[in-house]
Each structure stands twice: as C-alpha cells, then as structure tokens.
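Here the structure is laid out as structure tokens; the discussion comes afterwards.
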Amino acid sequence: MTMKIKFHHIILVILLAATGCKKDNYDAPAQKFSGRLIYNGEAINLEYNQVPFEIYQPGFGKVGPINGTFDQEGNFSTLLFNGNYKFTIPPNQGPFRWKEISAGKRDTLAVTISGAQNMDIEVQPYYMLRNVSITAAAGKVTGVFDIEKIITDADAKNIERVSLYINKTQFVSGADQIAVTDLAGSAILSPNNVSMSVDIPSISPTQNYVFARVGIKIEGVEDMIFSPLTKITY
Amino acid sequence: MKKIFLITIVAGLFITGSCRKDSDFLDVPPKQVLPTELAFSDPALVLSILGDLYNRTVDFSGLDNGWASFVDFSEAFPSENGSYFFVQRTGWGFGEWSSWDYTYIRDLNLFIQRATAATKLTDADKTRFIAEARFLRANYYFELVKRMGGVPLITEPLEYDYSGNVTSLQKPRAKESEIYDFVISEAEAIKGDLPNDVNTKSRATTGAALAMEARAALYAGSIAKYGVTTPQVSLPGNEVGIPSALAAAYYTKALTAAQAIITQTAGSYQLYRVLPDLSDNFAAVFLDKSTVNQEAIFIEDFKANAGKTHGFTTNDQPFSISDEGLDAGRLNPSLNLVEAFEKLDNTYAPIPTKDASGNPIYYTNQLDIFAGRDARLAGTVLLPNGLFKGKRTDVWAGYQLADGSILTSNDAGNLKPLPGTTTPVQVTGKDGVINGQEFRTQTGFYIRKYLDPTVGSGRRGRGSDVAFIRYRYAEVLLNAAEAAFELGQTGIAVGYINQVRARAGLVTPLTAGDLTFDRIVHERRVELAFEGHTLFDMKRWRLAHVVWDGNQMSVTDLLSNIGNARKRNTQPYGLWPYKYYNPGSPNNNKWLFKEVLPSPVTGANRFQLGNYYSQIGNDILSANPLIVKQPNQ
Chain H
1345 MTMKIKFHHI ILVILLAATG CKKDNYDAPA QKFSGRLIYN GEAINLEYNQ VPFEIYQPGF
1405 GKVGPINGTF DQEGNFSTLL FNGNYKFTIP PNQGPFRWKE ISAGKRDTLA VTISGAQNMD
1465 IEVQPYYMLR NVSITAAAGK VTGVFDIEKI ITDADAKNIE RVSLYINKTQ FVSGADQIAV
1525 TDLAGSAILS PNNVSMSVDI PSISPTQNYV FARVGIKIEG VEDMIFSPLT KITY
Chain R
3 MKKIFLITIV AGLFITGSCR KDSDFLDVPP KQVLPTELAF SDPALVLSIL GDLYNRTVDF
63 SGLDNGWASF VDFSEAFPSE NGSYFFVQRT GWGFGEWSSW DYTYIRDLNL FIQRATAATK
123 LTDADKTRFI AEARFLRANY YFELVKRMGG VPLITEPLEY DYSGNVTSLQ KPRAKESEIY
183 DFVISEAEAI KGDLPNDVNT KSRATTGAAL AMEARAALYA GSIAKYGVTT PQVSLPGNEV
243 GIPSALAAAY YTKALTAAQA IITQTAGSYQ LYRVLPDLSD NFAAVFLDKS TVNQEAIFIE
303 DFKANAGKTH GFTTNDQPFS ISDEGLDAGR LNPSLNLVEA FEKLDNTYAP IPTKDASGNP
363 IYYTNQLDIF AGRDARLAGT VLLPNGLFKG KRTDVWAGYQ LADGSILTSN DAGNLKPLPG
423 TTTPVQVTGK DGVINGQEFR TQTGFYIRKY LDPTVGSGRR GRGSDVAFIR YRYAEVLLNA
483 AEAAFELGQT GIAVGYINQV RARAGLVTPL TAGDLTFDRI VHERRVELAF EGHTLFDMKR
543 WRLAHVVWDG NQMSVTDLLS NIGNARKRNT QPYGLWPYKY YNPGSPNNNK WLFKEVLPSP
603 VTGANRFQLG NYYSQIGNDI LSANPLIVKQ PNQ
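Order-wise, the sequence lines are chains H and R. When the letters of the first sequence are read in order and numbered with the working numbering, they come out as residues 1345 to 1578. When the letters of the second sequence are read in order and numbered with the working numbering, they come out as residues 3 to 635.
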C-alpha cells in the first residue's frame, strides 16, 4: 500500500518537473561577443584576469556593468542578449591609453549585438616589445628584444623595469612563474637589442620545456604589457 | 422565565460593554514595544539601547569576527581545509572590506535625537549618553573612511515624505578630508562630556575619544603625505585623496591628541609592566582585565558563562593541548612575521638556520634558535616547544637522517622504525608540521596573543572571554612617535618609541639619528600584529601595492631586507623543525630548521590600486546618482 502511494508521488513529481520549467524562465544570454585588444593589428599581451572591461546596457532602470577581464593574449568573450551596449575599460586599467572625455570620465564604444559578434578593440599601448627572441641554452633562458615607445606625447611614461619570466605552465607572469630576472628601467641604455637571461630551476616532475614571456612594468601603470608566449624546448 | 432573564442580562452586559469610545478601545498601549518617551525615561533602559549600538561597532579584526579576520596579508597561514583560499587566491576583489551600514548611522542619529529630546533623564546621564553615541558614530565614520574614502556625511535622521520623490534623501559623497575632520571635531567636542576614568574600558571615555582622534588625524596626515606617490588613487572632487598641503596640520593634531593622553590629562594610562618575564608580560596585556592593566583604553569585552564569549581559543589552541578534541590550530603566524622581530641589540637578522658555509645549525632545544630576540616574539607567537596551559607544544616535521633523506609520516600517530631499528616510534610532532594537515600548525608556529590560558576556555560550550583591545596606550605612543617624526621632531619621536621598545626588552635606546620611516613601519608591525592594523597602515602609507605586489616570494626574498618597509610579503612561509638522527654524530637528536613554503600556498597576494578604496556596490550607485565611483574601478 505505502509503496503504491510513493510510486504515484514519484510520477506526479516527474510530471510537475517536466512541465514546470517552460513558461516563466528567460533563456540565458546566448550571443557571443568576443574580440581582442590590438595595436595596429598586433595583439596586446597582458596578465590574465588583471585588466577588466565593463559592458553597460542602458535603458533598464538600474545601472550596473557586466564585468569581465581579458586573458593573457588580450582576448575577451562574453555572452549577451541582442541589444545595444556600451563597452569601456575602467580608469587606470591596462598598459595602454583609453580615450577620456574629461579627467576620470571614460569614453565608451557603442556595440550593437544581433547574433554572434567579433570586435577587435584598438588601443594605444605605452610600449610594445618588438623582435622578441627567447631561446634556451646551457640551463639558461635568454631573451633578446627591442622596446618601442609608442606614446611619446605629454602622457609618455618611463619604464620602471623589464622582467623575463619563465614558468612550467603556459600562464606566465609575476604571480605564475618559477624564475624571474628583473632589469631596472634606468639600466636600459638603448631600447634596441636588450638582452636578459634567467637560470632554469629544477622542475619536479621533470619536463624538457618551459614557457617564457618578457614583460614591461611602466611607471605609474599597474598592469604590465608582455611579449607573446614562447614555448622553449631544451 | 429564568432563561429570558439570563439572556437579557447577558445582552445588557454586551451592550454596555460596547459603548466605550472607539479611541479608548483601539488605542491600546503596546506590550512588546517600548514607546520612545518611556524608553528614554530611565537610564537603565537607555543604557540597554546604547549597549546594542556598542555591540554593532564594526571592527576589521575582532575576536567575535572569527579567527579568519586575523589570518590574511601573509602574516599568518590558515590551517583549515575550507580556508586555504586565503593563500591560493592571487589578490582581493574590489568589493573586499567594503562597509556601508547607514542603518547603523540612522539608529545612532535617532538615538542622539531622542536622547536630546528626553525630559526625564538627569542632565549628567543625558550628556554622557549623547557623547557616547556621538563617539560611536564618529568611530563608525572613521571605519567607513578607512575603507571607502569620503562617504555621505549624515548627522540627522533622514525622513521620507512618501511623495515618490527621493532626491531630498540623496546625498553626495563628502571629501575624504571632511570625514576625517568630522571624526576629529566630534572627538574634540565630546571628550569633556565623557568620563575621565582609566578603569572604564568597554564604554567610551575621554581617553578613548582622544585615542580615536590621534589615530584618525594620523591616518589623514599620512594619506595627505603619501597619497602623492599614487596619484591614480584619487578623485577630482577629493572624495578620495587628501591634498598634501594638509599633511602637517593633521600630524600636529595627531601629536596634540596623543600627547593629551601621554601627559595623563585623560587618566593615568601607562604601559603594562607587571610580570618579570617580558614575553609573558606582553601576552598578559591582552589577558589581564583587572584594574592593574592601565594600558587598555577602549575594549570589546566578553564574559564567560554570561552569554558573550568567543571561540578564538577554541579555534587556535595547540592541537595536543586542545580542550575540544579536533578543534584547534587554525591561525598559524608566518615566518615572514617572525623574521621581523629584531635582535636585542636593535639589529635585524634572519632566524639562523644555516652557518656561513651553508651547513645547518643544530640546536639542543627548539627555543634556542629564537634566543636573544625582541620579547614580543614569544609574547605574540607560540613558538615550537612553547608553553601553554602548563604543557609544551610538540612541533616537528620529521627526522633528518644522516644520508640527507627525511623520515616522516602523514600523522603523529603513524609510527615508523628508525633506520637500523625495528621498534616503531613517533616521527612527527603531535602539533604538526605536516603539509595539508588541518588544525595543526603548518608554519611551525601557533598564535599566543589573545590565547586564553583559563581552564575550559578552549571548549566550544564555554568559550573564552578575553577582551579585544581596540585602542591601547602603546599604540598611542607609536601614533605620537610617528606624528612627531613626520613633523621633523625626531627627538620627541624617539622618546616615545623607546618606551614601547624598552617594555619589550630592547633596552638600548634608539637615537634620534637611528629613527627612520622604516623603523616606524617595523615597530607598528611587531607591536600591533594581529590587532587589525596591517591593512589600514599599509593603505595609508600607500605601501600596500608595493608589499603585496603579486609576485611569488623566494627564500632569498624572505631572508633579505628585513626591516625594509617596502619588503615583499606575498606568501606566508613556515619554519619547520627537524630532529637529526645520526647515532654516531654529536648532533644526534638535536634540532635543525628549514624555511618551507607550505604546499597549500599557491597564490601570491596582489594588492591592486583599485583595492585602496573598496568598491561601492552597483545597488548603491544606481539608487543614488550623486555617488561617484571609486578610482581604478
């Protein structure tokens, strides 16, 4: 007897569950909005999850951003509804200049989403790393590169330091590294053919490759700009 | 006949009974709620309302905020499986540490308004109650400005008129300096109305008001002075950031207020110097609640077996001395902090684990490695083999064998035979150290500050009633020293800082020439460790993004530049003792030590410029368009 009642209950619950989740739920946002940060077509490499962006959708009463961050290669992606949005990067974020309407008021990019959309965002970094070559020999990783100063007007900033990071995984930055060498900005006499090297420490479990990147820390700017990731097998 | 008579009587009763006026019938005084006039007619009732307002005081670290409020910033390691996020994350969210409790401010404003209007209280009671509420209000605005910068300054209860228009309730953020000015001027206004009594500690006194004023003015002064190093952390309307021209005026106010306490105008406050052993004496500053303790100025008090207790001792007691089975050992001070305690000759040096040629140094007793250090080290940190409740802790990570290998196990109860023998023996300490084993130390250290030696204090049921000291005399001396130093009065500054140091056994006084900014930063770190100052000190000096720079720390980083205010401090290290096993050697059964990064530590603290002032929530921003956003967010 009791078994029977339980069985009926189960049927009832299944019926309710099957019919219950149709009507009043919105579909999740499904349109993929993605892109990357570029300067003259070249990707800007960052530290992952450190440079945020904000997307606003005006016209719905309360004002609040949809937040996201760029990954290590400067890519971003987010799922949105169709509609009109505004894209911006909060003040003092990122190793690049973003247009300001007045001090602290950031300009926004209008974005219309209807279906998946890919948009590259053009920014002007303070510096770029050029002709980067990272090689390994005799237990050392050596990086040779040129530094190009992009912003040379009143906003120009000096280099605080340049760092060569290596790590055993492909996340490479100050927070994710197994070895680092720093070179103070004042010690860089010529921006061309700068050379740095770092010893490869013993890795457990052993692997015959490391990932490396060079990063520039700019004075007064929190986020560093990096060279593209290099995998070095030795 | 009889029936009809009865019915008539009953009906008559009903009719006469219902003839009272509507207003008499409906207007029944409530039995559960005290009306305002009644509540403010009796000092005992007013005190109970005020007691609630005292209880709602917001502290950063507090014994009733849980042990985890002490553990962050690489000053300690969390030995609890659910809390490793402290050492695995790579930074803090922008919303971390935010506070926006305008309900509390409204309740304080209402209290002040109602107490002012009360007619049945004596003038003396009334003055004191109002002054206390103003103290709590200023104290909370101080807490707000430390976390959020300038906030809307509301000093009257706001009333909504139900018109559908809320613009009259929307207030913009005040300048950061205006909130500090408010705290300072309130303290000045009420200090005469509060009791001038050294033995009143859990309620506001003249001393507490002056101590708050000194600290607030010092914070404002240092933000004005050091804010110029981070120009990005400011807003054009000065809701965040204080112009550097105001620095000297704030430092002067801080020094004056602190000196008012030092010259005993607020009562006979003095450093606690009672016990002959200086480390025990330092630990007792936080345990002694008798009138002998004239160091504590304003405390959050607790009382065992009376409903107000906390679980700090339960959570943090040594595992093998625990009153509560498996509940123990969560808060483990880091080696980073331990290294900061200087030697008795006023010099900085790493804890000596290796000799000049890189060979380990062997010690007969575990405590020998810490000998000759600042007494506050053993007063703040329970060292390996340290004494608690009459027992010694058993902290070691295993046997170091002669061939360089290590014999250890995954639990102290898991016995193993030593090489060349067959009898299984204990090969790790009962109190740790084993990577990833929660509730035992994973850094080699337990906390001693606030740890209650009373019998039963480690039981969950009883709890501990050690008080949390919000303001104490040693901090006032350090505030005075810092303010005087920043004003160029180095001679005065060094006199104050030497008093604090002498109490800790550093009897060779510093000279005026020795005193540097780094010395002041260092002194606050070791004296005020685990008292809720670290974050706010680093923020006001604009050192937070330097010290917590998100880069991993190497052992070289750990052992070099000790005493440098800009030293990296991103990951909590441990110091693991090993017992040496080599029957043929004179060092057999002696101790050696290794600096180890506990394996749960995978993140590195990164303090971003956007962390200097906590995020104001989107709900607040969209409810009040006059509120401007924080910088860098």
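The beta carbon of each residue, even a glycine, is placed where N, CA and C say it ideally should be.
Using a Cβ-Cβ cutoff of less than 7 Å, which residues in the same chain neighbour residue i once the five nearest sequence positions on both sides are dropped?
| i | result |
| --- | --- |
| R:Pro45 | Leu123 and Asp127 |
| R:Asn481 | Ala216, Arg217, Leu220, Ala256 and Ala260 |
| R:Arg505 | Leu273 and Arg275 |
| R:Asn348 | Leu508, Thr510 and Leu512 |
| H:Lys1376 | Ser1421, Leu1423 and Ala1460 |
| R:Leu379 | Val340, Phe343 and Phe372 |
| R:His535 | Arg526 |
Near residue i, what residues of its chain come up, given a Cβ to Cβ distance below 8 Å and the 5 sequence neighbours on each side ignored?
| i | result |
| --- | --- |
| R:Ser246 | Ala226, Lys227, Gly229 and Val230 |
| R:Trp99 | Phe62, Arg149, Leu537 and Ser616 |
| H:Thr1413 | Tyr1392, Asn1393, Gln1394, Val1395, Pro1396, Phe1397 and Phe1420 |
| R:Ile629 | Pro154, Pro174, Arg175, Ile618, Ile622 and Leu623 |
| R:Pro354 | Ile363 and Ile371 |
| R:Pro455 | Leu289, Phe390 and Lys391 |
Taking 6 Å as the limit between beta carbons, can you name the residues of its chain near residue i, skipping five residues before and five after?
| i | result |
| --- | --- |
| R:Lys148 | Phe538 |
| R:Ala13 | none |
| R:Thr492 | Ala514 and Leu517 |
| R:Asn626 | Gln172 |
| R:Phe96 | Gly612, Gln617 and Gln635 |
| R:Glu488 | Tyr253 |
Residues of chain H with CB under 7 Å from residue i, in chain order?
| i | result |
| --- | --- |
| R:Gln610 | Glu1566 |
| R:Gly552 | Gly1518 and Ala1519 |
| R:Ala606 | Ala1519 |
Below 8 Å on C-beta distance, what does residue i contact in chain H?
| i | result |
| --- | --- |
| R:Pro174 | None at all; the shortest Cβ gap to chain H is about 15 Å. |
| R:Pro602 | Near R:Pro602 there are no residues of chain H at all, since even the closest Cβ is about 16 Å away, more than 8 Å. |
| R:Asn634 | Pro1434, Pro1435, Asn1436, Gln1437 and Glu1566 |
What is the C-beta distance between residue i and residue j, in whole angstroms, given that I count them as a contact (C-beta under 8 Å)?
| i | j | result |
| --- | --- | --- |
| R:Pro574 | R:Ser336 | 3 Å |
| H:Arg1441 | H:Ile1495 | 6 Å |
| R:Val478 | R:Ala286 | With a Cβ gap of about 19 Å, R:Val478 and R:Ala286 do not count as contacting. |
| H:Pro1409 | H:Pro1439 | Rounded, the Cβ-Cβ distance is 21 Å, inconsistent with contact. |
| R:Gly446 | R:Trp578 | 5 Å |
Can you pull the chain H neighbours of residue i, defined as C-beta to C-beta under 9 Å?
| i | result |
| --- | --- |
| R:Gln234 | Pro1435, Asn1436, Gly1564, Val1565 and Glu1566 |
Which bits of chain R does residue i rub up against, with CB to CB less than 9 Å?
| i | result |
| --- | --- |
| H:Val1580 | Summary: the structure shown does not reach residue 1580 of chain H, with chain H confined to residues 1345 through 1578, and so no result is reported for it. |
Looking at the ligand MG, does it come within less than 6 Å of residue i, judged from the CB to the closest heavy atom?
| i | result |
| --- | --- |
| R:Gly619 | The ligand MG is not part of the structure shown, which contains no ligands of any sort. |
(message) With three or more C-beta pairs closer than 8 Å as the rule, is the region 619 to 627 of chain R touching the region 105 to 112 of chain R?
(response) no
(message) Would you call the region 449 to 469 of chain R in contact with the region 306 to 316 of chain R, where contact means no fewer than 3 C-beta pairs closer than 8 Å?
(response) yes
(request) Below 7 Å between beta carbons is the criterion; list the residues of the region 80 to 107 of chain R that meet it against any residue of chain H, in chain order. (result) Thr92
(request) Pull out every residue of the region 1415 to 1439 of chain H whose Cβ sits closer than 9 Å to any Cβ of chain R, in chain order. (result) Pro1434, Pro1435, Asn1436 and Gln1437
(message) Could you check whether the region 1534 to 1544 of chain H touches the region 1487 to 1497 of chain H, counting it as contact only if at least three pairs of C-beta atoms, one from each stretch, sit closer than 8 Å?
(response) yes
(request) Would you check if there are 3 or more beta carbon pairs closer than 8 Å linking the region 580 to 592 of chain R to the region 68 to 77 of chain R? (result) no
(message) Taking 8 Å as the cut-off, does the region 1504 to 1514 of chain H touch the region 1545 to 1557 of chain H (at least 3 CB pairs, one atom from each stretch)?
(response) yes
(request) Answer yes if the region 175 to 183 of chain R comes into contact with the region 153 to 160 of chain R, meaning at least three C-beta pairs across the two stretches below 8 Å, and no otherwise. (result) yes
(message) Using a Cβ distance threshold of 8 Å, determine whether the region 466 to 485 of chain R contacts the region 49 to 67 of chain R, with at least three qualifying pairs required.
(response) yes
(message) With three or more beta-carbon pairs closer than 8 Å as the criterion, would you say the region 601 to 608 of chain R touches the region 549 to 556 of chain R?
(response) yes
(message) Check whether the region 327 to 344 of chain R and the region 75 to 90 of chain R are in contact - that is, three or more C-beta pairs closer than 8 Å.
(response) yes
(message) With three or more beta-carbon pairs closer than 8 Å as the criterion, would you say the region 1520 to 1529 of chain H touches the region 1398 to 1415 of chain H?
(response) no
(message) Does the contact criterion of 3 or more C-beta pairs under 8 Å hold for the region 1512 to 1523 of chain H versus the region 1381 to 1400 of chain H?
(response) yes
(message) Tell me whether the region 425 to 444 of chain R and the region 393 to 402 of chain R touch, counting them as touching only if at least three CB pairs, one residue from each stretch, are closer than 8 Å.
(response) yes
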